[in-house]
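The structure appears below as C-alpha cells.
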Amino acid sequence: MKNKVLATLLFSLLVVPLVQSADHAPRLVVGITVDQLRTDYLVALQNLFGEKGFKRLMAQGVVCENLVYDYPNVDKASATATLYTGTMPFFHGIPSERFFNTAFQREELILNDPSEIGNYTQETFSPERIRTSTISDEVKIVSGGLGRVYAVAPDAQQSIISAGHAGNCAFWINDRNGKWATTTYYRDVPAYVEQFNYVRSLSVRVDTLAWTPVYTPDLYTAIPYLTNDFSFKHTFSHDNRDRFTQFKTTALVNQEVTDVAVEFLDKGLLGRRGVLDMLNVGYTAGVYLDKTVQEYGLELQDTYVRLDRDIARLLDAIDKQVGLDHTVVFLASTGYFKGEAKESPIYNIPSGEFYPRRAVALLNVYLMAIYGQGDWVTGYQNRQIFLNRKLIKERDLDADEMRNKAASFLIQMAGVQDVYTSQRLLLSHGTDRLAAMRNGYCPKLSGDLVLDLCPGWEVVYEDNNDSREYVRVNAIPAPCFILAPDVKPVHITTPVRATAIAPTVSRLLRIRSPNGSSESPLSEIQY
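Count the sequence shown with mature numbering (1 follows the signal peptide of the UniProt record, and there is no 0) and you get residues -21 to -1, 1 to 506, in order.
Structure, rendered in C-alpha cells:
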C-alpha cells in the first residue's frame, strides 16, 4: 500500500509540471517587420503615442535600442531574410531586393521565379532563393505540418521571405490593381482573404481615400529638418497610373495590412487550434514617395503616429483572440533609412556625386586598352560591377588578374573608398570592414567587384530619372521588441546583432533555430 502511494505521488510530481508546461507553451508567434523604423524617431515622438502600441512594448517587453546588421547596403529583403533565418546574406542567399541576372544582363527582383504563376498579379515569385530555413519553416516543421503560417505585407518580397518555404501563404498589395496578391507556390488561399478582393479591394476605393495628419502640424516637432507648419493632404486619383505604388508609401497602407492581419486572427483561428501557429506582418515607416525627410518630414511623423495605432489594434486583437500570455511577439526594424540626402553646400560637408553608368563605361574603355575590343563589363547593380565572364573564358584570360586590374583602376575614381574583388572577399580574413563586406556578399549572385563608396556622397542613377542614393557608413539606430509569456521586461542599450533574433525567438517558442543560425539567444532575457 505504501509503495502504491509513493508511486502515485511520484507520478503526480512528474506529470503535473509537464501539463503546466504544455498549458504555458506559446500557441501563437507573431513576427512584425517595420521597414526603415528608427529608434531616435520613436523616442522623439513617444509623447504622441497611445498606451497600447509602442508604449506597451516598451513597458512590458524586451527592448533593444540598437539592432545591428553586420553588412553594408542593407535593404528590406536582405534585412527580413536575416531576421528570419538568423544568418547573413552570405549564407541565406538574399543580399538585396534585386540582383543582376548575368544570363540576360538585366536587373531582376531577387525572388523572381518564372516557374510560378501569380494570383491576382502577373508577378511571378517564390522563396526558392532563400538558401536556409526560417523561423516560419521551423514552426511548420515542429507542428508536423499542422501549424498555420501566414504573412501579409505591402511588399511581395517582404511577405514571401517572412512566410518562408513551408508557409501556408503570403499576401501583398499588387502595384497595378491594388488587390491582395499571392503566388501559386503557396496552395492555401483562405476565402476570407479573397473576400477582401471582392468587397474591400483598394482598386475600387483608393480614389476615395485621403491622407491627412492625425494631429495639427504644430505638434509634429520631432524632426529638425521641418521648415514649415503647413498641413498636407494626399489623394490617389483614378487617373494616376501609379496610385497604388504611391499609396504603398503612405501611412494608410499599414491600416490595410492590419485589417487583413486581424482577419487572420479572427477567421483563421490562429493560436486557437491546439498547435503552434504563426502570423507574419510587414509594415512601413519610410518617407512618402521614397523621397527625403527634408521634403516630407511632417508626413513621416504622422506615419509613426498612425503606425502606433495599428500596432495597438493588432496587439489588442491578439489579446482578445488568443491572449498575449499565450503569444510570442517580436517586432524589428529593417535597420536602414532611405530618406536622407546630402547636406546643403553651406555646411561644407565633404560630398560629391558618383555616376555608376560613367564608371562602367570608363572601366570598359580601360579594359579594352589592355585586353582588346569587347564588352568586358556587363552591368552594375547595388554598388557591384559584373565582368563578362563568358568573354573572359572564350579568350582564355585570367579572370582574377582582370579583377585586380579593374579594382586598381576603379579605386582611383572620386568617391570610391575601396574596391573588393570577389576572390578577396571569399578568401581573405582581415578587418571588421572586410568581414562586413563578406557577410553581405552572395557568391552565386554578387558581382566580380564590390565598391565601398565615401560617406556623404550620392550615387546618381542616370538610367532611373537621375534618382539619388545617399551613402552612409554608420548604421541608423534600429529598434527591436520582444513580448513573450513569463519574460521580464528589460532594456538593452548595447548593440544587438540582428542574427540573434531568430535563435532568441526559437528559444522562447521551445523549437530549434533555423538551420543557418549559429548565434546564441540573447543572454539579457530573464525567464
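Glycine included, each C-beta is placed from N, C-alpha and C at the ideal position.
Segment contact flag, the segment 454 to 461 with the segment 41 to 58, C-beta cutoff 8 Å, min 3 pairs
yes
If you draw a straight line from the C-alpha of R108 to the C-alpha of A56, how long is it?
On the sequence shown, position 129 is the one that residue 108 refers to. On the sequence shown, position 77 is the one that residue 56 refers to. Distance between the alpha carbons of R108 and A56: 12 Å.
Does the segment 7 to 20 come into contact with the segment 252 to 265, if we say contact requires no fewer than three beta-carbon pairs (one atom in each stretch) closer than 8 Å?
yes
Where do the N-terminal and C-terminal ends of the beta strand (DSSP E) with D256 fall, by residue?
Here the question's residue 256 lines up with position 277 in the sequence shown. Run containing D256: 256 to 263, per the beta strand (DSSP E) assignment.
Y315 versus G265: straight-line alpha-carbon distance, rounded:
The sequence position of residue 315 within the sequence shown is 336, counting from 1. The sequence position of residue 265 within the sequence shown is 286, counting from 1. Between Y315 and G265, the C-alpha separation is close to 10 Å.
Any idea which residues DSSP pairs F333 with across the strands?
On the sequence shown, position 354 is the one that residue 333 refers to. In the DSSP output, where bridge partners are listed per residue, F333 has V438.
Could you compute how far the alpha carbon of R337 sits from the alpha carbon of E441?
Taking the sequence shown and counting its residues from 1, the one referred to as residue 337 is at position 358. Taking the sequence shown and counting its residues from 1, the one referred to as residue 441 is at position 462. Cα-Cα distance, rounded: 9 Å.
Smallest Cα separation from G358: which of Y129, I490, L428, G32?
Here the question's residue 358 lines up with position 379 in the sequence shown. With distances taken between Cα atoms, G358 lies closest to L428.
Buried or exposed: where does E278 fall if 16 or more other Cβ atoms within 10 Å of its Cβ makes it buried?
The residue labelled residue 278 in the question sits at position 299 within the sequence shown. Answer is buried; the Cβ neighbour count reaches 16.
Straight-line Cα distance separating H305 from A4
Taking the sequence shown and counting its residues from 1, one reaches residue 4 at position 25. Taking the sequence shown and counting its residues from 1, one reaches residue 305 at position 326. Each residue's Cα considered, the two are about 7 Å apart.
Rounded straight-line distance, which links the Cα of T478 to that of E503:
Taking the first residue of the sequence shown as position 1, residue 503 is located at position 524. Taking the first residue of the sequence shown as position 1, residue 478 is located at position 499. Taking the straight line from one Cα to the other gives about 15 Å.
Per the DSSP calculation, E448 is bridged to which residue(s)?
Start at 1 with the first residue of the sequence shown, and residue 448 comes out as number 469. According to DSSP, E448 bridges with V438.
Rounded to a whole number of angstroms, what is the C-alpha to C-alpha distance between I349 and M381?
Here the question's residue 349 lines up with position 370 in the sequence shown. Here the question's residue 381 lines up with position 402 in the sequence shown. Spanning the two alpha carbons is a distance of roughly 9 Å.
Spatial neighbours of T410 in its chain, beta-carbon cut-off 8 Å, leaving aside the 5 residues before and after:
Sequence index remark: in the sequence shown, residue 410 carries index 431 (1-based). Same-chain partners within the cutoff: there are none.
Just to confirm before moving on: does the CB-CB distance between Q363 and G419 stay below 8 Å?
As a first step, residue 363 is located in the sequence shown; it is residue number 384 there, counting from the start. As a first step, residue 419 is located in the sequence shown; it is residue number 440 there, counting from the start. In this structure, G419 does not lie closer than 8 Å to Q363 by Cβ.
Measure the alpha-carbon distance for Y334 versus Q505 and round it to whole angstroms.
The residue you call residue 334 lines up with position 355 of the sequence shown. The residue you call residue 505 lines up with position 526 of the sequence shown. If you take the alpha carbons of Y334 and Q505, they lie about 50 Å apart.
Alpha carbon to alpha carbon, how far is S(-1) from V439?
Counted from its first residue, the sequence shown places residue -1 at position 21. Counted from its first residue, the sequence shown places residue 439 at position 460. The pLDDT assigned to S(-1) is 46, lower than 50, so where the model puts this residue is not dependable; a value taken from the coordinates is nonetheless given after this. Each residue's Cα considered, the two are about 57 Å apart.
Please list the segments of the beta strand (DSSP E) lying wholly inside the segment 365 to 402, counting only runs of 3 or more residues, in order along the chain.
395 to 400
When DSSP labels each residue in this structure, what does V344 get in the three-state scheme?
Sequence index remark: in the sequence shown, residue 344 carries index 365 (1-based). Here V344 sits in helix by DSSP.
Could you tell me the distance, in whole angstroms, from the CA atom of D197 to the CA atom of S210?
As a position in the sequence shown, residue 197 is number 218, starting the count at 1. As a position in the sequence shown, residue 210 is number 231, starting the count at 1. Spanning the two alpha carbons is a distance of roughly 9 Å.
Chain-order list of residues whose beta-carbon lies under 6 Å from that of L501 (same chain, five-residue window excluded):
To locate residue 501, count along the sequence shown from 1; it is residue 522. Taken in chain order, the residues that qualify are A479, T483.
Mapping the DSSP letters down to three states, classify T478 as helix, strand or coil.
Counting from 1 along the sequence shown, the entry for residue 478 is found at position 499. If DSSP states are grouped into helix, strand and coil, T478 belongs with the helices.
Residues bridged to V118 (per DSSP):
Locating residue 118 in the sequence shown gives position 139, counting from the first residue. BP columns for V118 are empty, so no partner.
Own chain residues within Cβ distance below 7 Å of Q396, not counting five before or after
In the sequence shown, counting from the first residue as 1, residue 396 sits at position 417. Cβ neighbours of Q396 beyond the five flanking positions: D431, L432, C433.
Does the pairing of the segment 219 to 237 with the segment 180 to 188 give three or more beta-carbon distances under 8 Å?
yes
Separation of D445 from F388, as counted between CA atoms:
Counting from 1 along the sequence shown, the entry for residue 388 is found at position 409. Counting from 1 along the sequence shown, the entry for residue 445 is found at position 466. Near 25 Å, if we compare the C-alpha coordinates of D445 and F388.
Using alpha carbons as the reference points, say which of H470, P464, I471 lies closest to R489.
Taking the first residue of the sequence shown as position 1, residue 489 is located at position 510. When each option's Cα is compared against that of R489, the closest is P464.
Using the Cβ count rule (16 or more neighbours within 10 Å means buried), how would you classify P93?
Your numbering for residue 93 matches position 114 in the sequence shown. It is exposed - the Cβ of P93 has fewer than 16 other Cβ atoms within 10 Å.
Going by beta-carbon coordinates alone, are V301 and R6 separated by less than 8 Å?
The residue labelled residue 301 in the question sits at position 322 within the sequence shown. The residue labelled residue 6 in the question sits at position 27 within the sequence shown. In contact: V301 and R6 (Cβ atoms closer than 8 Å).
Rounded straight-line distance, which links the Cα of V254 to that of residue 507:
Nothing can be reported for residue 507, as the shown portion of the chain is limited to -21 through 506.
Which partner residues does D14 have in the DSSP bridge list?
To locate residue 14, count along the sequence shown from 1; it is residue 35. DSSP output for D14 lists T263 as bridge partner(s).
Going by the C-beta, is Q505 closer than 7 Å to any heavy atom of the ligand COA?
Looking at this structure, you won't find the ligand COA or any other ligand, since it has none at all.
What three-state label does DSSP hand F309 in the structure shown?
Counted from its first residue, the sequence shown places residue 309 at position 330. F309: strand per DSSP, three-state reduction.
How far does the alpha helix (DSSP H) with S427 in it extend, from its first residue to its last?
Position 448 of the sequence shown, counting from 1, holds the residue named residue 427. With the sequence shown as reference, residue 427 is identified as Asp, and Ser is not the correct amino acid for it. Looking at the DSSP string, D427 is not in any alpha helix (DSSP H), and its letter there is neither H nor E.
Bridge partners of G471, per DSSP?
Within the sequence shown, residue 471 is the residue found at index 492, counting from 1. Here the sequence assigns Ile to residue 471, which means Gly is not the residue at that position. DSSP lists C43 as partners of I471.
Which partner residues of T161 appear in the DSSP bridge assignment?
By one-based count along the sequence shown, residue 161 stands at place 182. Paired residue(s): N98.
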